[in-house]
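Per this note's numbering, the very first residue in the sequence shown carries number 130; after that it's consecutive.
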Amino acid sequence: MTDRARGFTLVEIMMAVVIFSMVILSLVGLSFRIAKSSTRATDQALGMAALLSGVDRASTTPFDSLPNLVGCDTTTSGLLRAVGCTTVTSISPRLDSVQIIVTTSLAGGRPDTVTMQRGKERRPVPLR
């Protein structure tokens, strides 16, 4: 064996570094997309939890106390935040419309809205 046959040439080392760099950069891009998807999924879950909480409160609150629900609540989880605002509109003395709008802090997200109608409980009329 000659001295020339031992080791790697500079060109071979440079090619190995370029190939290694391309592999690492593709993995970094993949991990960035996974982190972004995870953040978006967490944001959607937080928004949905805030929306369901508002619907639950509107469903279980007595009819005469529905105006007490009007206002906004903020739910925070880590760096994410969801703001749920509730409005109550009287349609008739026995029927109200409740609207819940939840907006999350993630850029580009659209608010989720639920509109429901609540009626006053009818009392049975006694037989005469």
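Glycine residues also receive a C-beta, built at the ideal position from the N, C-alpha and C atoms.
- Here L180 is actually not in contact with T233; their C-beta atoms are around 10 Å apart, not less than 8 Å.
- V146: not part of any beta strand (DSSP E); member of the alpha helix (DSSP H) spanning 139-189, first to last residue.
- For L224, the CB contacts under 8 Å within the same chain, skipping 5 residues up- and downstream, are Q246, R247, G248, K249 in chain order.
- Around the C-beta of L195, 16 or more other C-beta atoms lie within 10 Å, and the residue is accordingly described as buried.
- Within 10 angstroms of the beta-carbon of T205 lie fewer than 16 other beta-carbons, which makes it exposed.
- T215 is not a Cβ neighbour of A178, given a cutoff of 8 Å.
- Relative to R239, the option among I142, D172, P222 whose CA is nearest is D172.
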